[in-house]
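J.: Residue numbers for the sequence shown follow my numbering, beginning at 3 and rising by one.
Let me begin by handing over the structure; questions about it come next.
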Amino acid sequence: MKFGQVEDPSQIDFTLPKDHSKTKEILKQNKKGLENISIGCAKWNKTDLKGFYPKGTKDELAYYSTQFNSIELNATFYGMPSSEQVLTWKEKTPADFKFFPKITNTVSHFRRLLNIDDVVTQFATAVLNFDEKLGMVFLQLHDNFKPKDYERLEQFVNKWPKEVPLAFELRNTEWFTDEEIFDKTCELFEQNNITNIIVDTAGRRDMLHMRLTTPNAFIRYVGANAESDYQRLDDWLRHLTTWKKEGLQNLYFFVHQNIEKASPLLSAYFIEKLNKEWKTDLPVPKMGQENMPNLF
């Protein structure tokens, strides 16, 4: 994932900003405590995760799901999944595994939220076959989808099938720099129980808004293949620990890298740290340091 990639990461201030004033209020609404932690990568294929799979691995998803408890499913962005395909993926994974499929680009990029009832129905019907393994679907808008088209977004949200949990990733900077439109959009998400995705990537610090709209934290973390990646994860763990104390209900944390084959190693570091801090026992990917190229 090269979104937000910069030539020299050492020039970036990776400090996490303070929480938005509404975030603590949102977290307080959860009275159930922490229910679910999902940490994973964005892909499971050997080409992108070179060196992760043992020699002779025949089924990449089956093996991946023994090492991670979730996947950010980007394959569904590029093509509409069939119900049969969803059931195949579901049956290859353990009972506690979760899928987080991205809504097909027909909705977000080609039709740009217009005339999409048929596509949304088809997509929702397919992914509901994940049953208890469906974590949350997410919609990623195009970089050039701006607040001038807010009405399209509002109509999409109001018509979205409520039985399918949804997260939203806004990318155009105007959503974040216009305080009035940002507050209006977040309130729309709150009213419809939609999770506001936080993206942490070097070249787009504006997307690091720290504004939760549900007691769920859906974070897409993009490492820069630099030593600072580890310190950034340490900072996130401290911040998430605060959110946990304040009422975090679900944590969805997906690790990307500009060079994706480093993602499992970075994920393993984060999971080990979290297990120690939170007294959890999430699976830690077994990929050894000796199998990794020098990427830093």
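No residue lacks a Cβ here, since even glycine has one placed at the ideal position from N, Cα and C.
Does DSSP classify Phe147 as helix, strand or coil?
T.: Translated into the one-based positions of the sequence shown, residue 147 becomes position 145. Here Phe147 sits in coil by DSSP.
J.: Determine the DSSP secondary structure at Asp50, reduced to helix, strand or coil.
T.: The residue you call residue 50 lines up with position 48 of the sequence shown. Coil.
J.: Taking just the CA atoms, how far does His111 sit from Leu250?
T.: As a working note, residue 250 is residue 248 in the sequence shown. As a working note, residue 111 is residue 109 in the sequence shown. Cα to Cα, Leu250 sits roughly 32 Å from His111.
J.: Between which two residues does the alpha helix (DSSP H) containing Pro266 stretch?
T.: Your numbering for residue 266 matches position 264 in the sequence shown. Segment 265-280, the alpha helix (DSSP H) holding Pro266.
J.: Suppose contacts are defined by Cβ-Cβ distances below 9 Å. Is Ile73 in contact with Ala97 by that definition?
T.: As a first step, residue 73 must be located in the sequence shown, where it is residue number 71. As a first step, residue 97 must be located in the sequence shown, where it is residue number 95. In this structure, Ala97 does not lie closer than 9 Å to Ile73 by Cβ.
J.: For a test of the three-state rule: what should DSSP assign to Leu297, helix, strand or coil?
T.: One-based indexing of the sequence shown puts residue 297 at position 295. Confidence in Leu297 is poor, its pLDDT being 37 and thus under 50, which makes the residue's placement too unreliable to answer from.
J.: For Val201, which residues of its own chain have a beta-carbon under 6 Å away from its beta-carbon, when the five flanking residues on both sides are left out?
T.: For the purposes of this step, residue 201 is taken as residue 199 along the sequence shown, with counting starting at 1. Excluding positions up to five away in sequence, the list reads Met209, Arg222.
J.: Taking C-alpha atoms, which residue in His258, Glu262, Leu242 lies nearest to Leu276?
T.: Residue mapping note: residue 276 aligns to position 274 of the sequence shown, counting from 1. Selected option, being the one with the closest Cα: Leu242.
J.: When you compare each of Tyr152, Ala228, Ser265 to Phe191 by their alpha carbons, which one comes out closest?
T.: The count along the sequence shown starts at 1 and reaches residue 191 at position 189. Comparing Cα-Cα distances from Phe191 to each of Tyr152, Ala228, Ser265, the minimum goes to Tyr152.
J.: Which residue wins for smallest C-alpha separation from Leu29, given the options Thr123, Thr215, Leu51, Trp46?
T.: In the sequence shown, residue 29 corresponds to position 27, counting from 1. Considering only alpha carbons, the answer is Thr215.
J.: Taking the DSSP output, what are the residues bridged to Leu136?
T.: Along the sequence shown, read from residue 1 onward, the residue named residue 136 stands at position 134. Leu136 pairs with Phe101.
J.: Going by beta carbon distance, what residues of the same chain come within less than 7 Å of Ile14, once the five residues before and after it are set aside?
T.: For the purposes of this step, residue 14 is identified with residue 12 of the sequence shown, where counting begins at 1. Result list for Ile14: Val8, Ala204, in chain order.
J.: Can you tell me whether Ser85 is helix, strand or coil according to DSSP?
T.: By one-based count along the sequence shown, residue 85 stands at place 83. Of the three classes helix, strand and coil, the one that applies to Ser85 here is helix, per DSSP.
J.: Give me the residue from Lys60, Asn218, Asn107 with the minimum Cα distance to Thr197.
T.: In the sequence shown, residue 197 corresponds to position 195, counting from 1. Of Lys60, Asn218, Asn107, the residue nearest in Cα terms is Asn218.
J.: Which of helix, strand or coil does DSSP assign to Val8?
T.: Stepping through the sequence shown from its first residue, residue 8 is reached at position 6. In the structure shown, Val8 sits in coil (DSSP, three-state: anything other than H, G, I, E or B).
J.: What's the gap between the Cα of Leu130 and the Cα of Met212?
T.: As a position in the sequence shown, residue 130 is number 128, starting the count at 1. As a position in the sequence shown, residue 212 is number 210, starting the count at 1. Approximately 29 Å, taken between the alpha carbons.
J.: Per DSSP, what kind of secondary structure is Glu165 in: helix, strand or coil?
T.: For the purposes of this step, residue 165 is identified with residue 163 of the sequence shown, where counting begins at 1. In this structure, Glu165 counts as coil in the three-state DSSP scheme.
J.: If I measure Cβ to Cβ from Lys92 and keep anything under 6 Å in the same chain, skipping five residues before and after, which residues do I get?
T.: Locating residue 92 in the sequence shown gives position 90, where the first residue counts as 1. Once the five neighbours on either side are set aside, the close Cβ partners of Lys92 are Phe132, Lys135.
J.: Under a Cβ-count criterion, where at least 16 other Cβ atoms within 10 Å of its own Cβ denotes burial, should Gly290 be classed as buried or exposed?
T.: Mapped onto the sequence shown, residue 290 falls at position 288. At Gly290, the pLDDT of 39 sits below 50, so the modelled position is not reliable; the number obtained from the coordinates is stated separately. Exposed is the label assigned to Gly290, since fewer than 16 other Cβ atoms lie within 10 Å of its Cβ.
J.: May I ask you to report which of helix, strand or coil DSSP gives Val201?
T.: Locating residue 201 in the sequence shown gives position 199, counting from the first residue. Looking at Val201 - three-state DSSP - the assignment turns out to be strand.
J.: Throw me the rounded Cβ distance for the Gly58 and Arg206 pair, which I believe falls under 8 Å.
T.: Stepping through the sequence shown from its first residue, residue 58 is reached at position 56. Stepping through the sequence shown from its first residue, residue 206 is reached at position 204. So it is not a contact: roughly 40 Å between Cβ atoms.
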